[in-house]
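No gaps in the numbering here: position 170 of the sequence shown is 635 in my numbering, and each next residue is one more. Ideal placement from N, C-alpha and C gives every residue a C-beta, glycine not left out. In what follows, a structure is listed as structure tokens, so that the remarks can point back to it.
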Amino acid sequence: MRKVTLLGATGSIGTSTLEVIRLNPDKFSLHAAVASASVEKMVEIVRNFHPQRVAMAKAEAAAVLKRRLQDEKLYAEVLSGEEGILDIAQDGEAPIVVAAIVGAAGLKPIMAAVKTGCIIALANKEALVMSGKLFFKELLAHHAKVLPVDSEHSAIFQSLPYEIQRSLGTCNLHKYGVKKILLTGSGGPFRTKPLDELKNVTVKMAISHPNWSMGPKISVDSATMMNKGLEFIEAKYLFNADFDDIEVLIHPQSVVHSMVSYCDGAVISQMGNPDMKTPIAVALGFPERIVSGTSDFDFLKSGPLSFEAPDFKRYPCLSLAIEACKAGQEATIALNAANEVAVANFLNGRIGYLNISNVVSEVLSSMNLPKVTSLDEVFDLDARSRECARKIIAEI
Ligand code: NAD
Ligand code: MG
């Protein structure tokens, strides 16, 4: 029986993770759960999974949760704020920590958990985008391990040899005959929309993903393909890849979750339903296979599978992310911060869809980007990039 700490327990990934834990009661128990403010969902988690410790980022939510648990005669230690979350992340009680907080808020808890030498099941790609190098330095120093939860990276992971699976971050792809990582993405809800109509797309349209059900931020990132850009950066760090080793392919059906092509001409892919429970089960169970609760994939019903090259005019965020990846960690920090601010402002109706890429592009071209060598410097640059994005948005 392995204990699991779940960071971001009430979100889309958090809920799917709980489903996998529920289906494997002899293998996993929930040690702790962390979320932002969804009290009722947390009460439900305590009722069904009996974690010993829970934390809410918002102090008022933690106070309400405490009362609600007392009313229901449920027991869990309730902590609050960033301090409480870090306390849980680094308590060292769980050998597996699932990192599913959305955005930059996930980074500090991840870095705290790494220090315990645990396995990080990583959904929060923003952490690698912000601090891939520092993350792997700490990971090695504390003998911690990372396993990808992002479906594409899980697919790539599953298509690579065991030697590489055991040495993520420092592996040598070419030594094992890998020629290319083929990173697939659906192209989102606007893949075929006439370009001149993109200026009119609404929040509702942008968060209606054709294949995947996800949280609002990543849904918008999928529409702009910033998500694929962040995943390009994530793949670079996880698989220690060169830029030329990774190619983005649009695959509208989301059946092939990504592929690895080898020097002998073989291409290995992982396929299945677009259901995050599969990559979550792969990460929790590794190296064993465990049930995930997803239905069997039916090739006879899937229809034809197609592939196309991304159109960078339609997806400027994708090229901005790839260029930032080439420029270095400082540029990817600014990119991620600007994107988070822009997406939040799009979601609350302050800016239009096409403004998202413009804001990111302007932040990247106007920021001066000094070298970052510590987590404090990462957060400092992140904060300055957010400020710059807010100023640009104020003028729209
Ligand atoms: P979501 O918005 O559905 O859930 C986010 C979770 O983080 C919630 O539990 C929320 O309470 C918590 N949270 C937010 N801010 C917090 C804070 N400051 N402190 C503590 N907790 C906080 O998001 P999601 O779609 O589940 O995505 C989570 C992460 O997983 C993201 O980094 C995303 O890129 C990645 N991811 C998601 C999917 C997917 O299918 N949803 C796929 C691949 C990767
Ligand atoms: Mg993904």
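Checklist entry - Which two residues bound the contiguous alpha helix (DSSP H) that contains M595? => result In the sequence shown, the residue the question calls residue 595 occupies position 130. Counting along the chain, the alpha helix (DSSP H) containing M595 begins and ends at K590 to A606.
Item to check | I755 in three-state terms, based on DSSP | outcome: Mapped onto the sequence shown, residue 755 falls at position 290. DSSP places I755 in coil when its eight states are reduced to three.
Checklist entry - So which of V594, V685, T581 and Q623 has the shortest CA-CA distance to T743? => result Numbered from 1 along the sequence shown, position 278 holds the residue referred to as residue 743. It is Q623 whose Cα lies nearest to the Cα of T743.
Checklist entry - If you pair each beta-carbon of the stretch 700-713 with each one of the stretch 639-647, do three or more pairs fall below 8 angstroms? => result yes
Checklist entry - Cβ of E505 within 8 angstroms of any heavy atom in ligand 2? => result Here residue 505 refers to the residue found at position 40 when the sequence shown is read from its first residue. E505 Cβ: outside cutoff for every heavy atom of ligand 2.
Next on the checklist: Once the 5 residues before and after G582 are set aside, which same chain residues still bring their CB inside 6 angstroms of it?
Outcome noted: Translated into the one-based positions of the sequence shown, residue 582 becomes position 117. Around G582: H607, H608 and A609.
Next on the checklist: Within 9 angstroms of any Cβ in chain B, is that where the Cβ of G549 sits?
Outcome noted: The structure shown contains no chain B; it is built from a single protein chain.
Checklist entry - Quick one: is the Cβ of P681 within less than 8 angstroms of any heavy atom of ligand 1? => result What you label residue 681 is simply residue 216 of the sequence shown in a count that begins at 1. Checking the Cβ of P681 against ligand 1 gives yes.
Item to check | Pick from T838, L714 and N804 that is closest to P436, judged by C-alpha positions | outcome: Here the chain covers residues 466 to 861 and nothing more, so residue 436 does not appear.
Item to check | Simplified DSSP state of K645, which is helix, strand or coil | outcome: Residue numbering aside, residue 645 sits at position 180 when the sequence shown is read from its first letter. Strand, per DSSP.
Next on the checklist: Closer than 8 angstroms to a non-hydrogen atom of ligand 2 - does that hold for the CB of H496?
Outcome noted: Counting from one through the sequence shown, the residue named residue 496 turns up at place 31. For ligand 2, not one heavy atom lies less than 8 angstroms from the Cβ of H496.
Next on the checklist: Less than 8 angstroms separating the Cβ of D615 from some heavy atom of ligand 2?
Outcome noted: Stepping through the sequence shown from its first residue, residue 615 is reached at position 150. Yes, Cβ of D615 sits closer than 8 angstroms to a heavy atom of ligand 2.
Item to check | Residues that DSSP places opposite G817 in a beta bridge | outcome: As a working note, residue 817 is residue 352 in the sequence shown. Looking at the DSSP assignment, G817 forms no beta bridge with any residue, so it has no partner.
Checklist entry - What are the boundary residues of the beta strand (DSSP E) that includes S545? => result Taking the sequence shown and counting its residues from 1, one reaches residue 545 at position 80. Run containing S545: E542 to S545, per the beta strand (DSSP E) assignment.
Item to check | Cβ-based neighbour list, M724, same chain, cut-off 6 angstroms, excluding 5 preceding and 5 following | outcome: By one-based count along the sequence shown, residue 724 stands at place 259. Closer than 6 angstroms at the Cβ level, and outside the excluded window around M724, lie L647, V732 and S734.
Checklist entry - CB-CB under 6 angstroms to V721, same chain, minus the five flanking residues each way: which ones, in chain order? => result Residue numbering aside, residue 721 sits at position 256 when the sequence shown is read from its first letter. Counting only Cβ-Cβ distances below 6 angstroms, and skipping sequence neighbours, we find T649, S734 and M736.
Checklist entry - Roughly how many angstroms lie between the CA atoms of A524 and Q630, to the nearest whole one? => result Sequence index remark: in the sequence shown, residue 524 carries index 59 (1-based). Sequence index remark: in the sequence shown, residue 630 carries index 165 (1-based). Going from the Cα of A524 to the Cα of Q630 covers about 39 angstroms.
Item to check | C-alpha gap between F600 and A796, whole angstroms | outcome: Position 135 of the sequence shown, counted from the start, is the residue given in the question as residue 600. Position 331 of the sequence shown, counted from the start, is the residue given in the question as residue 796. Using only the alpha carbons, I get a separation of about 17 angstroms.
Next on the checklist: Buried or exposed, going by whether 16 or more other CB atoms sit within 10 Å of the CB of D491?
Outcome noted: Here the question's residue 491 lines up with position 26 in the sequence shown. Counting Cβ neighbours within 10 Å, D491 comes out exposed, since fewer than 16 surround it.
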